[in-house]
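What follows is a short report on a single structure.
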Amino acid sequence: MNILSLIRDRFRPALSHLTEAVDPLLEMIRPAQDASFGDYQANCAMPLGKQLGLPPREVAQRLVDELDVEEFCEQPEIAGPGFINLRLKIDWLDAQLGAALSDARLGVDETSSPTVVVIDYSSPNVAKPMHVGHIRSTVIGDCLARVLRHLGHQVIGDNHLGDWGTQFGMIIYGYKHFVNMSAYRENPVMELSRLYQYVNRLVEFHAGKIKLPLQEEKITQLEGQVNEQMSVCRDTDGKQKKKQEKLLRKQQSQLAQLRKERDGLAAKLSQVTSDPDLLRVVEEHQGVGVAVLQETVRLHAGDETNLALWNEFLPKCREEIQRVYDRLDIHFDVEYGESFYHDQLAEVVDQFLDAGLARESEGAICVFLEDWEAPMIIRKKDGAFLYATTDLATIRYRMETWQPDLMLYVVDHRQSEHFSKLFTTARSWFKSEVEYRHVGFGTVLGRDGRPYRTRSGDTVGLESLLDEAVAKAHAVVVENDQRKPEPEMSDEERMQVARVVGHGAIKYADLSHNRTSDYEFDTDKMLALEGNTATYLQYSYARVQSIFRRAGAEARRHAQQVTTFDLGHPAERALALQLLRFSESLEEVLIDFRPNQLTDYLFKLAQMYSVFFEHCPVLKAETDGLRHSRLALSDLTSRAMKQGLALLGIEVVERM
RNA sequence: GCCCCGGUAGCUCAGUCGGAUAGAGCAACGGUUUCCUAAACCGUAGGUCGGAGGUUCGAAUCCUCUCCGGGGUACCA
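Numbering-wise (the numbering used here), the first sequence opens with residue 154 and increments by one.
Right, dumping it as structure tokens:
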């Protein structure tokens, strides 16, 4: 049952008597912005009045006259320029609550038109430890998968792992030259990760050594331009002056940025040169950049040694990543990484050439597209394939295997151009009805407004972040429990609560932001465990559980058999209505794939429960009937909270 | 150069399709605990929604211009 849909269904016939284009007008029916207006409001009389050349209030009146909502609404009211305000009948709310109470799905219906959806999310490079940048894709993708499934869609969650690229060339090169065998035997992944970073450092050093003088040259050149421009500005008057000054500002900011980059690069280089041991190694491995690429090429060509190493490394790397997924309770249906598609790539390119969709240009095989100057390259001039090629092969595989209606790519918004091109290309390749959708998201920033990194400029490991969150949560749990006259929790329970709270905090912080905007990642704030956080929601759940613990063993069962609610207090009524809006919030999530619609819903629910909790004693209610009604409301709240959080991938605890 | 995204309270952010007096959380200030979990609640204060025009009954939202910031832009993913 979805109240909004119900109301819209009732408006449809009334509207269709007045106009043809009904749907956009139905969209203008929504929850009331202010409770004093009622519960829902229809804003369609104003535009319709204009369209018909009638006073909007008259149109509103006509709509109201025709509207058949008596069974669940009070008499609609017309306000202001022509708003139609609807207030739900208390008896009807009562009946709906009763229905939700006895329904494991809390009154949320499955869709009547289920679809097949492939979601591409998380997709880390397996050779590197997961870092903070992987949170968003993983958590958002997981949430969307859960919500879609809950509403009855068939979901294939696919972790498109980076398991075949240059990073393996690095590890292989590192393993061949620098491996510490005892460290490898003890903890292979840590050693491989060290090798990756080590080799990466060598490659960056040599690349940097070449780049630095070029950068110096650029800076000198730009300095000249700036000086010249300054004198131009001095000599110019009037309108032109402003223009010239603008140009100067631009050049100056470019210069500042270049200098900053140069300084960073120089610092990195001197880090190496000031370390004699490292310097010696660096000098011994002059050609490391090319060598790494060659190792990769050999792997792709099926070189026995490299393939054997890859086969040895891969399971270990995946295990490492799996540990993080286990911690976060993230599960995929399939994990077809890049390597899975490797032997299909040549054929994909051939198909494109045969179909005339691609042609050679400057040695590369390119797909030229109408709206873009730069083509999408599917084979490099050196013969290597690119991620665009793999993505196309992936699409083909998914089409053949699952015939999806929708393919979601939960990937950083910086890749939006890539996906636009990819989708355009795929559409001309398949000419099928499938809908492609890049579900982009903003960057995770540090407190300085720059992409989140450690002080030394490295990316922040995901696991250490999780550890930090859990540790902070643990400190709070212990403190709170010890403050009680009689501490309640065992060490083990405290630890478990800390895990649930800590992990929940991180996920929630991510999901509660609008996915398209960048957001600032501040562990202190996130783990402040107050305000709009997972903790607040978990806490409201735990409070309900506490009531039931006190109410006795049978209370829950009795509460779930309540048939009549008493919604006399405004807090009770508000809570009841919010409970019945659960399905609306899930629909909202799917309109534009925005989990924050659900976090907002749950936060409001928790707030309303808090108000209810303050004003409406449950166990000490004046009458038995009221007590039962309130217990039932509490039961519904806790179940909605648990289910809602579960759809976000967040757990609850019975007490905290 | 071209393309995309953003600019909303001191800070971090919500704000679908144009709707009634622009909302949360944090921080600030004041209050609430003989009462089911105070990880809570109530109240106060805080805004020319970057700026200027325009569209209209009505604009944070749509259009144009402009300022500022971020990102992308032929062989990385």
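No residue lacks a Cβ here, since even glycine has one placed at the ideal position from N, Cα and C.
Treat the numbers as computed from the prediction; the structure is a model and nothing was measured.
The alpha helix (DSSP H) enclosing residue i, as first and last residue numbers
i: Gln249; result: 243-254
i: Ser569; result: 569-583
i: Asn238; result: Element bounds for Asn238: not the alpha helix (DSSP H) but the beta strand (DSSP E), 236-239.
i: Gln350; result: 341-388
i: Val563; result: Where Val563 is concerned, there is no enclosing alpha helix (DSSP H), although the beta strand (DSSP E) it sits in stretches over 559-563.
i: Arg532; result: Premise fails: Arg532 lies in the beta strand (DSSP E), 529-532, not in any alpha helix (DSSP H).
i: Val443; result: 441-453
i: Phe111; result: The question about residue 111 has no answer, for the chain in this structure spans 154 to 809.
i: Ala200; result: It should be noted that the sequence gives Pro, not Ala, for residue 200. Start and end: 198-205.
i: Lys773; result: Per DSSP, Lys773 belongs to no alpha helix (DSSP H) and is neither H nor E.
i: Lys101; result: The structure shown does not extend to residue 101, since the chain spans only 154 to 809, so no value can be given for it.
i: Phe701; result: 687-704
i: Asn464; result: 457-481
i: Val502; result: 498-507
Own chain residues within Cβ distance below 7 Å of residue i, not counting five before or after
i: Gly305; result: Glu263, Thr264, Pro267
i: Arg451; result: Asn459
i: His438; result: Leu355
Other residues of its chain near residue i: CB distance less than 8 Å, five sequence neighbours each side excluded
i: Val501; result: Ile531, Thr542, Leu545, Ala546, Arg549
i: Ala708; result: Phe701, Leu784
i: Gly602; result: Glu673
i: Met383; result: Leu401
i: Leu598; result: Pro604, Tyr605, Asp671, Tyr672, Glu673, Phe674
i: Leu168; result: Val175, Leu178, Leu179, Cys197, Leu201, Leu216
i: Ser569; result: His591, Gly593
For residue i, the residue or residues it bridges with in DSSP
i: Gln307; result: Val269
i: Arg512; result: Cys519
i: Cys226; result: Leu241
i: Glu673; result: Leu598
i: Val487; result: Asp311
i: Asn278; result: Gly315
i: Ile231; result: Ile237
i: Pro604; result: Leu598
i: Phe331; result: DSSP, once it has assigned bridges, lists no residue as partnering Phe331.
i: His284; result: Gly614
Same chain only: Cβ atoms within 6 Å of residue i, ignoring 5 sequence neighbours per side
i: Asn278; result: Gly315, Gln320
i: Val650; result: Val630, Val806, Met809
i: Gly490; result: Leu314, Asp316
i: Pro640; result: Asp634
i: Gln368; result: Arg415
i: Val833; result: Beyond the ends of the chain as shown, which are 154 and 809, falls residue 833; an answer cannot be given.
i: Ile243; result: Leu720
i: Arg726; result: Leu720
Residue i classed as buried or exposed, judged by whether at least 16 other C-beta atoms fall within 10 angstroms
i: Met334; result: exposed
i: Gln556; result: exposed
i: Leu730; result: buried
i: Asn380; result: exposed
i: Trp463; result: buried
i: Val623; result: buried
i: Asn889; result: Missing from the structure shown is residue 889; the chain here goes from 154 to 809 and no further.
i: Phe505; result: buried
i: Arg780; result: buried
i: Gln186; result: exposed
i: Thr716; result: exposed
i: Asp644; result: exposed
i: Gly118; result: Because the chain spans 154 through 809 in this model, residue 118 falls outside it and cannot be assessed.
i: Pro748; result: buried
Spatial distance of residue i from residue j (CA atoms)
i: Lys574; j: Lys394; result: 41 Å
i: Asp221; j: Gln214; result: 13 Å
i: Tyr692; j: Arg347; result: 41 Å
i: Ile324; j: Val653; result: 35 Å
i: Phe746; j: Phe521; result: 30 Å
i: Glu457; j: Ala409; result: 49 Å
i: Asp428; j: Cys386; result: 47 Å
i: Tyr328; j: Ala419; result: 28 Å
i: Leu467; j: Cys296; result: 27 Å
i: Ile231; j: Asn238; result: 6 Å
i: Met800; j: Phe583; result: Note that residue 800 is Leu in the sequence shown, not Met. One C-alpha to the other measures close to 33 Å.
i: Glu472; j: Tyr540; result: 24 Å
i: Gln698; j: Ser787; result: 9 Å
Range covered by the beta strand (DSSP E) that runs through residue i
i: Glu180; result: Glu180 -> no beta strand (DSSP E), and no H or E assigned at all.
i: Gln194; result: 193-195
i: His591; result: 588-592
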